[in-house]
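Numbering (the numbering used here), first residue to last: 777 to 1042.
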């Protein structure tokens, strides 16, 4: 897909995670703006406990946390926290913990494509509310002639590639739907009482996942097809990632223990 950085001004609608003030990128509006280099640029992701994921990221993301599917569209998400609006892997200084996979959805910020329904095209936007966008930034969006800089061109290419992966992900999801491989799954946590006995199990989340029984029941030729088109590898990455619930729970309990007891009148 080809997209320029100087689209016609269109109507931007819809809510997108992290983007609170999206604007079509134009030299008229943003000719003097750029991005300020920061040691910790991911502070905006602190409130993203679930992050959209492309299917080609499954193998890399599986070591960080559970990969789940949600909603009617079965959107794939990487779980990065147990509480809403709390990413357990983004430090206070805006840096991800070492060894944690940073999804492409996060890395493309503050850029994003949006649908211009009036013009019938995709247009490139920036989140004007991003803390590191400022006048005279280190990485300018446009040069003195109003043309996109190399930095902006590289961001356009990244967003183009992201859109390609998004389309590939939709095809992958449709394939799983056609094969009826989804089932509802529940993540639970069993706390321990003061005397060391197991307490009542607590539900953490309901979500969609691939059914191992349904996968194993597929005809041999379908399994071969999934293997040959690369889908089987991604399915296994998703299934393996679900042990990540235990990691998130252990991490949450360790941090709670470090925080210590809270006074009743606090």
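Virtual Cβ for every residue (Gly too), placed ideally from N, Cα, C.
This structure is a prediction, so every number in the text was calculated from the model and none was measured.
- Message: So residue 915 and residue 810 are supposed to be a Cβ contact under 8 Å. How far apart are they, rounded?
- Response: Separation of the CB atoms of residue 915 and residue 810 is rounded to 5 Å, and the pair is thereby assigned contact status at 8 Å.
- Given residue 827, which residues of its chain have a CB within under 7 Å of its CB, disregarding the five upstream and five downstream residues? 853, 854, 856, 879, 881 and 882
- In whole angstroms, what separates the C-alpha of residue 911 from that of residue 804? 13 Å
- Output yes or no for whether 9 Å exceeds the beta carbon distance between residue 795 and residue 931. no
- Below 9 Å between beta carbons: does that hold for residue 899 and residue 889? yes
- Task: Give me the Cα-Cα distance between residue 790 and residue 892, rounded to the nearest whole angstrom.
- Result: Any reading at residue 790 needs caution, since the residue's pLDDT is 43, under 50, leaving its predicted position unreliable; the model's value is listed next. Those two C-alpha atoms are separated by around 11 Å.
- Hey, how far is the Cα of residue 874 from the Cα of residue 1035? 21 Å
- Does the separation of the CB atoms of residue 918 and residue 806 fall below 9 Å? yes
- For residue 915, name the three-state secondary structure that DSSP assigns. strand
- Message: Going by C-alpha to C-alpha distance, which of 1022, 850 and 802 sits closest to residue 956?
- Response: 850
- Could you tell me the distance, in whole angstroms, from the CA atom of residue 799 to the CA atom of residue 818? 20 Å
- Task: Under 8 Å by Cβ, that's how I've got residue 962 and residue 982 pegged, so tell me the actual separation to the nearest angstrom.
- Result: 5 Å
- Message: In this structure, how does DSSP classify residue 795 when only helix, strand and coil are distinguished?
- Response: strand
- 7 Å CB neighbourhood of residue 846 in its chain, flanking five on each side removed: 853, 983 and 984
- residue 989 versus residue 813: straight-line alpha-carbon distance, rounded: A straight line joining the alpha-carbon of residue 989 with that of residue 813 spans about 49 Å.
- Task: Rank 859, 797, 999 and 966 by C-alpha distance to the C-alpha of residue 904 and give the top, closest one.
- Result: 797
- Message: Residues in the same chain with beta-carbon distance under 8 Å from residue 935, minus the five sequence neighbours each way, listed in chain order, please.
- Response: 779, 884, 887, 888, 889 and 900
- Message: Quick check on the DSSP output: what are the complete alpha helix (DSSP H) runs of length 4 or more inside the stretch 955-1009, in order along the chain?
- Response: 988-992 and 996-1004
- Flag this pair as yes or no: are the beta carbons of residue 843 and residue 829 separated by less than 9 Å? Yes, Cβ-Cβ distance for residue 843 and residue 829 is below 9 Å.
- Nearest to residue 848 by CA position, among 841, 953 and 838, is which residue? 953
- Does the beta-carbon distance from residue 996 to residue 834 come in below 9 Å? Note that the C-beta distance between residue 996 and residue 834 is not below 9 Å.
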